[in-house]
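Enquirer: From first to last, the protein sequence lines are chains A and B.
Residues in the first sequence are numbered consecutively from 1, following this note's numbering.
Residues in the second sequence are numbered consecutively from 1, following this note's numbering.
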Amino acid sequence: MTAKTIPCFYRLYSALLLLYPARFRVRFGEEMQQVFQDCCEMELQRDSIIGLCRVWLRTLTDFSGSLGREWRRELVLIEPEIDYTGLADSFMVTVVVGTILLGWGWVAAAIVLNITIPHIFEYYASLATILAVVVTISMAALIGIISALIVSRSGRPERNRIRV
Amino acid sequence: MGTRPSKPAPKAPETFLPLTPAVFHILLTLADGDAHGYAIMQDVARRSAGVVRLGPGTLYGAIGRLLEDMLIEECDERPVPEMDDTRRRYYRLTQLGGEVLALETKRLESLVRAVRACKVIRGIKPAEER
Numbered sequence: 001m002t003a004k005t006i007p008c009f010y011r012l013y014s015a016l017l018l019l020y021p022a023r024f025r026v027r028f029g030e031e032m033q034q035v036f037q038d039c040c041e042m043e044l045q046r047d048s049i050i051g052l053c054r055v056w057l058r059t060l061t062d063f064s065g066s067l068g069r070e071w072r073r074e075l076v077l078i079e080p081e082i083d084y085t086g087l088a089d090s091f092m093v094t095v096v097v098g099t100i101l102l103g104w105g106w107v108a109a110a111i112v113l114n115i116t117i118p119h120i121f122e123y124y125a126s127l128a129t130i131l132a133v134v135v136t137i138s139m140a141a142l143i144g145i146i147s148a149l150i151v152s153r154s155g156r157p158e159r160n161r162i163r164v
Numbered sequence: 001m002g003t004r005p006s007k008p009a010p011k012a013p014e015t016f017l018p019l020t021p022a023v024f025h026i027l028l029t030l031a032d033g034d035a036h037g038y039a040i041m042q043d044v045a046r047r048s049a050g051v052v053r054l055g056p057g058t059l060y061g062a063i064g065r066l067l068e069d070m071l072i073e074e075c076d077e078r079p080v081p082e083m084d085d086t087r088r089r090y091y092r093l094t095q096l097g098g099e100v101l102a103l104e105t106k107r108l109e110s111l112v113r114a115v116r117a118c119k120v121i122r123g124i125k126p127a128e129e130r
């Protein structure tokens, strides 16, 4: 094991730590790096390549398990710093406004085309199609509004920690 | 943006039971004295004869939850500051942590007692003794 390889290991582990949620990484990242470094140094003192591989294997196994746990905790079990209700509201509003603008824009374009180019309506859209579009837009808007109302009234999940 | 509430009041010790083996071993290690992450990791592996091996992610995940639940706390003093890496933080058991550890030990004792009292189990030897 060369002197250059070991700092590479540390850098690789530091890069892996970036995958943890920011809150966890900021609080424990440096300590985790220190612990990993200590484990590697212990094996280096023993001059054991197999030991070093075992440290990596154990660390990666632990990493894959704890990564999911920490993200789950961050997103579900503790009050997130992101206001998901507000985010959902904004999303719904965007969907509703977007649908209305797109839909009515399409209807307006069809009407303008019909006025400027006579008989084009027969080829591109019939009255029934326009009616279907209007109904679809209205339904989408209605669903959006109802969803936004439900989301804004449901509140956030209970603060409930997993067992330590 | 949501605001984070102030520190919640500590819960009753019995609400933490049963403890996971990792958490039990961490508390047990800290019952012996203040320790940093690596020392805890080494001690847990030694104490459990290698059965419980904590990786950094699991160790600090558990430490994070124990800190939130006020079962352990970070301590400012370092045994040998000049010999120590500044990235290392030391942790100590709180009174609540000690109570939880004592309660869990009692719970495990009663479990072992119940198992020993069972006639069928008394006749069965562990595989390594056979």
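Backbone N, C-alpha and C fix where the C-beta goes; we use that ideal spot for every residue, glycine too.
All figures in this text were calculated on a predicted structure; none of them were measured in a lab.
Can you grab the Cα-Cα spacing for the pair B:P10 / B:L54, in whole Å?
Expert: On the second sequence, residue 10 of chain B is found 10 positions in, with the first residue counted as 1. On the second sequence, residue 54 of chain B is found 54 positions in, with the first residue counted as 1. Near 26 Å, if we compare the C-alpha coordinates of B:L54 and B:P10.
Enquirer: Return the CA-CA distance between B:A22 and B:L71, expressed in angstroms with no decimal places.
Expert: Locating residue 22 of chain B in the second sequence gives position 22, where the first residue counts as 1. Locating residue 71 of chain B in the second sequence gives position 71, where the first residue counts as 1. Each residue's Cα considered, the two are about 14 Å apart.
Enquirer: Just verifying my parser: in three-state terms, what is the DSSP assignment at B:E170?
Expert: Outside the shown range of chain B, which is 1 to 130, sits residue 170 of chain B, and nothing can be said about it.
Enquirer: Does the beta carbon of B:M41 come closer than 8 Å to any beta carbon on chain A?
Expert: Looking up residue 41 of chain B in the second sequence gives position 41. True, the Cβ-Cβ gap to chain A drops below 8 Å.
Enquirer: For A:V133 and chain B, any beta-carbon pair shorter than 8 Å?
Expert: Locating residue 133 of chain A in the first sequence gives position 133, where the first residue counts as 1. Not an interface residue.
Enquirer: Please report whether the beta-carbon of B:R53 lies at a distance below 8 Å from any beta-carbon of chain A.
Expert: Here residue 53 of chain B refers to the residue found at position 53 of the second sequence. So, interface residue.
Enquirer: State yes or no: is the beta carbon of A:M32 nearer than 8 Å to at least one beta carbon in chain B?
Expert: As a working note, residue 32 of chain A is residue 32 in the first sequence. Yes, its Cβ sits closer than 8 Å to a Cβ of chain B.
Enquirer: Quick one: is A:S14 near chain B, going by C-beta distance under 8 Å?
Expert: Along the first sequence, one-based indexing puts residue 14 of chain A at 14. A:S14 does not count as touching chain B.
Enquirer: Could you check whether the segment 55-64 of chain B touches the segment 23-42 of chain B, counting it as contact only if at least three pairs of C-beta atoms, one from each stretch, sit closer than 8 Å?
Expert: Judged by Cβ distances under 8 Å, the segment 55-64 of chain B makes contact with the segment 23-42 of chain B, as three or more pairs qualify.
Enquirer: For A:N160 and chain B, any beta-carbon pair shorter than 8 Å?
Expert: The count along the first sequence starts at 1 and reaches residue 160 of chain A at position 160. The predicted position of A:N160 is uncertain, since its pLDDT is 40 and thus under 50; a value taken from the coordinates is nonetheless stated next. Cβ-Cβ to chain B under 8 Å: no for A:N160.
Enquirer: Between A:L67 and chain B, is the shortest Cβ-Cβ distance under 8 Å, so that the two count as touching?
Expert: As a first step, residue 67 of chain A must be located in the first sequence, where it is residue number 67. Yes, A:L67 counts as interfacial toward chain B.
Enquirer: Do you know offhand how far B:R88's Cα is from A:L57's?
Expert: Stepping through the second sequence from its first residue, residue 88 of chain B is reached at position 88. Stepping through the first sequence from its first residue, residue 57 of chain A is reached at position 57. Looking at the two C-alpha atoms, the distance is approximately 24 Å.
Enquirer: Per DSSP, what are the beta-bridge partners of B:Y91 in this structure?
Expert: The residue you call residue 91 of chain B lines up with position 91 of the second sequence. Its beta-bridge partners are B:A35 and B:E74.
Enquirer: Under 9 Å between beta-carbons, which chain B residues line up against A:T61? List them in chain order, please.
Expert: Locating residue 61 of chain A in the first sequence gives position 61, counting from the first residue. By Cβ distance, chain B contributes G55.
Enquirer: Here's the rule: buried if 16 or more other CB atoms are within 10 angstroms of the residue's CB, otherwise exposed. What is B:V115?
Expert: Counting from 1 along the second sequence, the entry for residue 115 of chain B is found at position 115. B:V115 should be labelled exposed.
Enquirer: How about B:R133 and B:D32: are their beta carbons less than 8 Å apart?
Expert: A query on residue 133 of chain B cannot be resolved here, the shown segment of chain B reaching from 1 to 130 and no further.
Enquirer: Does DSSP classify B:I124 as helix, strand or coil?
Expert: Along the second sequence, read from residue 1 onward, the residue named residue 124 of chain B stands at position 124. Of the three classes helix, strand and coil, the one that applies to B:I124 here is coil, per DSSP.
Enquirer: Write down the C-beta distance between A:V96 and A:A141 rounded to the nearest angstrom, noting that I regard them as a contact closer than 8 Å.
Expert: Position 96 of the first sequence, counted from the first residue, corresponds to residue 96 of chain A. Position 141 of the first sequence, counted from the first residue, corresponds to residue 141 of chain A. About 5 Å; that satisfies the 8 Å criterion.
Enquirer: In chain A, what lies closer than 9 Å to B:T58 by C-beta?
Expert: Taking the second sequence and counting its residues from 1, one reaches residue 58 of chain B at position 58. By Cβ distance, chain A contributes D62, G65, S66 and R69.
Enquirer: Compute the distance between the beta-carbons of A:F28 and B:G98, then report whether it is under 8 Å.
Expert: The sequence position of residue 28 of chain A within the first sequence is 28, counting from 1. The sequence position of residue 98 of chain B within the second sequence is 98, counting from 1. In this structure, B:G98 does not lie closer than 8 Å to A:F28 by Cβ.
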